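Notes for the one structure printed next.
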Amino acid sequence: MSVSLTLQPIIFILTILLDEVEKYHQVVQAIDIHDQLTNSGNSQSSISDREQVISAL
Numbered sequence: 002m003s004v005s006l007t008l009q010p011i012i013f014i015l016t017i018l019l020d021e022v023e024k025y026h027q028v029v030q031a032i033d034i035h036d037q038l039t040n041s042g043n044s045q046s047s048i049s050d051r052e053q054v055i056s057a058l
């Protein structure tokens, strides 16, 4: 079964959006892991402008 020509642009856009959501999710996970490391006493872990990173999301 082939995708109709009218659906191809929609599928393309949805693919891009899902990729962006995945990138966002990875950044959120990285911040969470950083926070867990900081809370466990790991003094070598740092995000220089944590608040700026979060507001950029």
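2 is the number of the first residue of the sequence shown in our numbering; add one for each residue after it.
Glycine included, C-beta positions come from ideal geometry on N, C-alpha and C.
All values reported here derive from a predicted model rather than from experimental measurement.
Item                                                                                                             : Value
Thinking just about the alpha-carbon of each residue, which of 40, 32, 43 is nearest to the one in residue 56?   : 32
Please report the straight-line C-alpha distance between residue 34 and residue 19, rounded to a whole angstrom. : 22 angstroms
Quick check: what's the CA-CA separation for residue 41 versus residue 48?                                       : 15 angstroms
The alpha helix (DSSP H) with residue 33 in it runs from where to where?                                         : 9-40
With residue 56 as the anchor, note down where its alpha helix (DSSP H) starts and where it stops.               : 51-57
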